[in-house]
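Numbering-wise, the sequence shown is residues 10 to 214 according to this note's numbering. Note that CB positions come from ideal geometry on N, CA and C, so glycine has one too. As the structure is a prediction and not an experimental result, all values here were calculated from the model.
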Amino acid sequence: MNHTETTDKTNETSSFYAIIARMKYIDRWALMRNTHSENLSEHSLDTAIIAHALAVLRNRRFGGHVNPERAALLAIFHDVPEVITGDMPTPVKYFSDDIRSAYAEVETAAEKQLLSLLPDDLREEYVPLLTHQGEDEELLRIVKCADKLSALIKCIEEEKACNREFSAARLSTEQAISEMNLPEGIAFLEQFIPPFALTLDEQQK
Numbered sequence: 010m011n012h013t014e015t016t017d018k019t020n021e022t023s024s025f026y027a028i029i030a031r032m033k034y035i036d037r038w039a040l041m042r043n044t045h046s047e048n049l050s051e052h053s054l055d056t057a058i059i060a061h062a063l064a065v066l067r068n069r070r071f072g073g074h075v076n077p078e079r080a081a082l083l084a085i086f087h088d089v090p091e092v093i094t095g096d097m098p099t100p101v102k103y104f105s106d107d108i109r110s111a112y113a114e115v116e117t118a119a120e121k122q123l124l125s126l127l128p129d130d131l132r133e134e135y136v137p138l139l140t141h142q143g144e145d146e147e148l149l150r151i152v153k154c155a156d157k158l159s160a161l162i163k164c165i166e167e168e169k170a171c172n173r174e175f176s177a178a179r180l181s182t183e184q185a186i187s188e189m190n191l192p193e194g195i196a197f198l199e200q201f202i203p204p205f206a207l208t209l210d211e212q213q214k
């Protein structure tokens with residue numbers, strides 16, 4: 010009887026992946042004038058590519074032993090709860106400890122809601138991806154740095170389009186990356202970020 014009940018439940022439809030697919034409808038930088046809007050799917054892909062690169066840099070240049078593929082996977086899912094909460098602008102999110110604490114509660118509730126949509130036999134796989142629990146602490150630092158680098162790239166691209174709206178954000182983001190003290194982050198910043206300010210022809214020389 011128990012086996013029948015479990016089998017029946019695993020065959021029920023689940024909206025988990027359909028809701029995640031809505032990341033492309035969540036725009037970032039809501040308080041800023043954008044020359045080109047950036048959605049959550051775009052940002053997550055960029056962050057995943059950079060997180061993978063940072064992990065590779067750590068292993069190849071700084072004696073690390075981290076998993077680049079796991080870093081990329083964590084980055085893909087790092088903002089998934091925003092499908093429910095929306096993207097709260099950074100100045101609002103960190104305006105006060107009370108707001109930050111309240112948002113953390115909302116984010117936790119969103120994580121639980123998303124996990125509840127999964128069939129029981131799959132849920133355990135996604136708990137560490139959505140709640141950032143487990144043995145991924147060091148990789149999550151890499152993902153956070155990749156997240157900042159993705160934001161920096163957005164600022165550079167907007168400035169390249171003669172939009173000064175992102176000038177202050179660029180400076181604060183660069184400072185945040187430096188303060189993380191991750192050698193692979195500094196290496197990426199110095200070696201791979203400058204070409205983002207170039208034209209396509211200049212990048213290909």
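- For Ala62 against Phe197, the beta-carbon gap comes to about 6 Å, under 8 Å, which counts as contact.
- One alpha carbon belongs to Ile165, the other to Asn43, and they sit about 12 Å apart.
- Pro203 and Thr140 have their alpha carbons spaced roughly 34 Å apart.
- In the three-state DSSP reduction, Asp36 falls in the strand class (E or B).
- Under the three-state reduction of DSSP output, Asn48 falls in the strand class.
- Across the structure, Ala185 and Ile93 are spaced so that their CA atoms are roughly 27 Å apart.
- In this structure Arg69 is exposed. Its beta-carbon is surrounded by fewer than 16 other beta-carbon atoms within 10 angstroms.
- Comparing alpha-carbon positions, the option among Ile29, Asn172, Ser125 and Glu78 lying closest to Asp88 turns out to be Ile29.
- Spanning the alpha carbons of Glu114 and Gln212 requires a straight line of approximately 43 Å.
- A distance below 8 Å between beta-carbons, with the five flanking residues on each side excluded, links Glu199 to no residue of its chain.
- The Cβ-Cβ distance between Ala206 and Ala155 does not fall below 9 Å.
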